[in-house]
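Peer 1: When we follow the working numbering, the leftmost residue of the sequence shown carries the number 311, and every step to the right adds one.
Cβ coordinates follow ideal geometry from the N, Cα and C atoms, glycine included.
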Amino acid sequence: MKKGLIILVAVIILALVVATTCTATVQTGYTGIVTTFGKVEDVTLEAGLHFKSPFQSIIPMDNREQKSTFETQAFSSDIQQVDITGSINYAINKSTAMNLFKEVGTDYFNKLVYPRMLEITKGVFSKYTAENLVANRQKLSELIREGLDNELDEYGINVISVSLENLDFTDAFTDAVEAKQVAAQKKLQAEIEQNQMTMETQQQAERKRINAEAEANVAKINADADAYALQVRSEAEAEANKKIAESLTENLIRFNEIKAWDGKLPTYMGGEGGTTMPILNLGGAADTQAVGE
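1) Quick one, which of Ile568, Phe365, Val469 and Phe479 has its alpha-carbon nearest Thr331's?
2) Are there 16 or more other CB atoms within 10 angstroms of the CB of Met347, so buried, or fewer, so exposed?
3) Per DSSP, Gly358 forms a beta bridge with which residues?
4) Assuming Val472 contacts Arg455 under a Cβ cut-off of 8 Å, what Cβ separation, rounded to an integer in Å, is found between them?
5) Where does Asn476 sit, in a helix, a strand or coil, going by DSSP?
6) Give me whichever residues DSSP pairs with Ser367 in a beta bridge.
7) Please report how far the alpha carbon of Ala357 lies from the alpha carbon of Leu462, in whole angstroms.
8) Exposed or buried, Asp597, counting other C-beta atoms within 10 Å across all chains shown (16 or more means buried)?
9) Ile317 bridges to which residues according to DSSP?
10) Alpha carbon to alpha carbon, how far is Asp277 from Met371?
11) When you compare the CB positions of Thr345 and Asn373, do they come within less than 8 Å of one another, or not?
12) Considering only the alpha carbon of each residue, which of Tyr424, Glu475 and Ala482 lies closest to Leu458?
13) Quick check on DSSP: helix, strand or coil for Thr396?
14) Tell me whether Gln599 sits in a helix, a strand or coil according to DSSP, three-state version.
15) Does the beta-carbon of Ala515 have 16 or more other beta-carbons within 10 angstroms, so that it is buried, or is it exposed?
16) What's the C-alpha gap between Gln376 and Thr382?
17) So the beta strand (DSSP E) Asp390 belongs to, where does it begin and stop?
18) Assuming Glu394 contacts Ala384 under a Cβ cut-off of 8 Å, what Cβ separation, rounded to an integer in Å, is found between them?
19) Here's a check: name, in chain order, each residue in its chain whose Cβ is nearer than 8 Å to the Cβ of Val392, leaving out the five neighbours to either side.
20) Taking 6 Å as the limit between beta carbons, can you name the residues of its chain near His360, skipping five residues before and five after?
21) DSSP on Phe382, reduced to helix/strand/coil?
22) Ignore the nearest five residues each way along the sequence and tell me which others in Ser378's own chain have a CB closer than 8 Å to its CB.
23) Using a Cβ-Cβ cut-off of 8 Å (strictly less than) and excluding sequence neighbours within five positions of Ala600, which residues of its own chain qualify?
24) Cα-Cα, which of Asp536, Asp388 and Ala529 is closest to Phe483?
25) Buried or exposed: Ala570, going by 16 or more other Cβ atoms within 10 Å of its Cβ?
26) State buried or exposed for Leu540, treating a residue as buried only when at least 16 other CB atoms are found within 10 Å of its CB.
27) How long is the line joining the alpha carbons of Tyr465 and Ile430, rounded to whole angstroms?
28) Hey, Leu450 and Leu474: beta-carbon distance below 8 Å or not?
29) If the criterion is Cβ atoms closer than 8 Å, does the pair Lys412 and Val350 meet it?
30) Considering just the uninterrupted stretch of the alpha helix (DSSP H) at Leu410, what are its terminal residues?
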């Protein structure tokens with residue numbers, strides 16, 4: 311009985327040893343690299359449980375997107391020093407994980423990615439002035455990503471993105487940039503104020519022109535109205551005179567003369583040669599004679 315129990319325990323222990331030494335698990339997102347006594351086998355393992363010999367090791371290679379930060383210094387084309395803080399997102403291909411492990415190992419970031427990233431970053435920064443570096447940060451990030459992706463393509467490393475999170479210049483350069491910005495803002499403000507004054511002057515001139523045109527139009531309207539009124543009156547008077555002239559007949563003239571006569575005859579009348587002759591008042595003599603008789 312004791313002997314059987316010992317055998318059972320031994321079998322269990324052996325099974326546990328076999329289970330731990332002859333099986334391996336590859337996690338999701340990883341590729342398993344198989345080595346036998348340190349030699350890389352020409353086979354890779356997908357995620358899951360796998361059997362192996364006790365003399366083999368499974369080394370996981372991370373195929374997920376990874377992020378690493380970096381810090382470095384660079385110089386602009388106008389010899390301005392800039393301290394750079396950034397990050398890089400990258401991933402290795404499953405199909406090339408074995409070759410990457412053979413050539414570089416698992417520390418491929420520090421041995422391969424990081425040195426090339428610093429070199430490309432400094433090369434890109436050296437092509438721009440300090441002011442343009444500040445204004446083109448997104449473009450710089452893309453240029454670094456493209457250059458680094460081309461460099462690492464043969465190793466099966468995909469550079470997903472590069473982010474320049476901080477660019478720190480010297481205090482002297484920062485002060486100079488701030489002074490320039492202040493001067494530019496003052497100049498812009500002066501231009502805005504000048505433009506406003508110009509606009510106000512133009513608006514005032516336009517208002518004066520409009521008022522002058524309005525007054526001229528009013529004066530013209532009034533003059534036209536006066537001229538028209540005068541024309542109407544003249545035409546009315548002419549029409550009235552015409553009607554009066556048409557109504558003056560010879561009899562009417564005689565009638566008006568008789569109507570205006572006071573009953574007295576003239577004492578003298580004109581003769582030939584410009585002489586005047588007295589008119590005898592016979593009626594008066596007869597009256598006198600009648601009174602004497």
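Peer 2: Based on what the coordinates show:
1) Translated into positions along the sequence shown, residue 331 becomes position 21. Minimum Cα distance to Thr331 is reached at Phe365.
2) Residue 347 sits at position 37 when you count from the first residue of the sequence shown. Note that residue 347 corresponds to Phe in the displayed sequence, not to Met. Its Cβ having fewer than 16 others within 10 Å, Phe347 is exposed.
3) For the purposes of this step, residue 358 is identified with residue 48 of the sequence shown, where counting begins at 1. DSSP output for Gly358 lists Val336 as bridge partner(s).
4) As a position in the sequence shown, residue 472 is number 162, starting the count at 1. As a position in the sequence shown, residue 455 is number 145, starting the count at 1. The pair is a contact, with the Cβ atoms about 4 Å apart (cut-off 8 Å).
5) Position 166 of the sequence shown, counted from the first residue, corresponds to residue 476. Strand, per DSSP.
6) Start at 1 with the first residue of the sequence shown, and residue 367 comes out as number 57. Within the DSSP secondary-structure output, Ser367 pairs in a beta bridge with Thr345.
7) Residue numbering aside, residue 357 sits at position 47 when the sequence shown is read from its first letter. Residue numbering aside, residue 462 sits at position 152 when the sequence shown is read from its first letter. Whole-angstrom Cα-Cα distance: 25 Å.
8) As a first step, residue 597 is located in the sequence shown; it is residue number 287 there, counting from the start. Annotation note: pLDDT 47 at Asp597 (below 50); position unreliable, no value reported.
9) Reading the sequence shown from its first residue, position 7 is the one you call residue 317. Bridge partners of Ile317: none, in fact.
10) Missing from the structure shown is residue 277; the chain here goes from 311 to 603 and no further.
11) The residue you call residue 345 lines up with position 35 of the sequence shown. The residue you call residue 373 lines up with position 63 of the sequence shown. No, these two residues do not count as a Cβ contact at 8 Å.
12) Position 148 of the sequence shown, counted from the start, is the residue given in the question as residue 458. That would be Tyr424, whose Cα lies nearest to the Cα of Leu458.
13) Within the sequence shown, residue 396 is the residue found at index 86, counting from 1. The sequence given here places Gly at residue 396; Thr does not occur at that position. Looking at Gly396 - three-state DSSP - the assignment turns out to be strand.
14) The count along the sequence shown starts at 1 and reaches residue 599 at position 289. Confidence is the limiting factor: at Gln599 the pLDDT is only 43, short of 50, which leaves the residue's position unreliable, though a coordinate-based value still follows. Reduced to three states, the DSSP call for Gln599 is helix.
15) The sequence position of residue 515 within the sequence shown is 205, counting from 1. Result: exposed.
16) Reading the sequence shown from its first residue, position 66 is the one you call residue 376. Reading the sequence shown from its first residue, position 72 is the one you call residue 382. Rounded to whole angstroms, Gln376 to Thr382 spans 20 Å at the Cα level.
17) By one-based count along the sequence shown, residue 390 stands at place 80. The residue asked about is misnamed: residue 390 is Gln in this sequence, not Asp. Taken as a continuous stretch (DSSP letters only), Gln390 belongs to no beta strand (DSSP E), as it is neither H nor E.
18) Reading the sequence shown from its first residue, position 84 is the one you call residue 394. Reading the sequence shown from its first residue, position 74 is the one you call residue 384. In the sequence under discussion, the amino acid at residue 394 is Ile, which differs from the Glu named in the question. Yes, Ile394 and Ala384 are in contact; Cβ-Cβ is about 6 Å, under 8 Å.
19) The sequence position of residue 392 within the sequence shown is 82, counting from 1. Taken in chain order, the residues that qualify are Gln383, Ala384, Phe385, Ser386, Phe435, Ala440, Leu443, Leu477, Asp478 and Phe479.
20) For this step, residue 360 is matched to residue 50 along the sequence shown. Excluding residues within five positions, the ones whose Cβ falls inside 6 Å are Ala334.
21) As a first step, residue 382 is located in the sequence shown; it is residue number 72 there, counting from the start. The displayed chain sequence assigns Thr, not Phe, to residue 382. Three-state DSSP puts Thr382 in a strand.
22) For the purposes of this step, residue 378 is taken as the residue at position 68 of the sequence shown. Same-chain partners within the cutoff: Ser397, Ile398, Tyr400, Phe419, Val423 and Tyr424.
23) Reading the sequence shown from its first residue, position 290 is the one you call residue 600. Here the model assigns Ala600 a pLDDT of 41, short of 50, so the residue's position is not dependable and the matter cannot be decided.
24) On the sequence shown, position 173 is the one that residue 483 refers to. Cα-wise, what sits closest to Phe483 is Asp388.
25) Your numbering for residue 570 matches position 260 in the sequence shown. Exposed, because fewer than 16 other Cβ atoms sit within 10 Å of the Cβ of Ala570.
26) By 1-based counting over the sequence shown, the position of residue 540 is 230. Under this definition Leu540 is an exposed residue.
27) The sequence position of residue 465 within the sequence shown is 155, counting from 1. The sequence position of residue 430 within the sequence shown is 120, counting from 1. About 17 Å.
28) Counting from one through the sequence shown, the residue named residue 450 turns up at place 140. Counting from one through the sequence shown, the residue named residue 474 turns up at place 164. Yes.
29) Here residue 412 is taken as the residue at index 102 of the sequence shown, counted from 1. Here residue 350 is taken as the residue at index 40 of the sequence shown, counted from 1. Yes.
30) Reading the sequence shown from its first residue, position 100 is the one you call residue 410. Residues Ala407 to Glu413.
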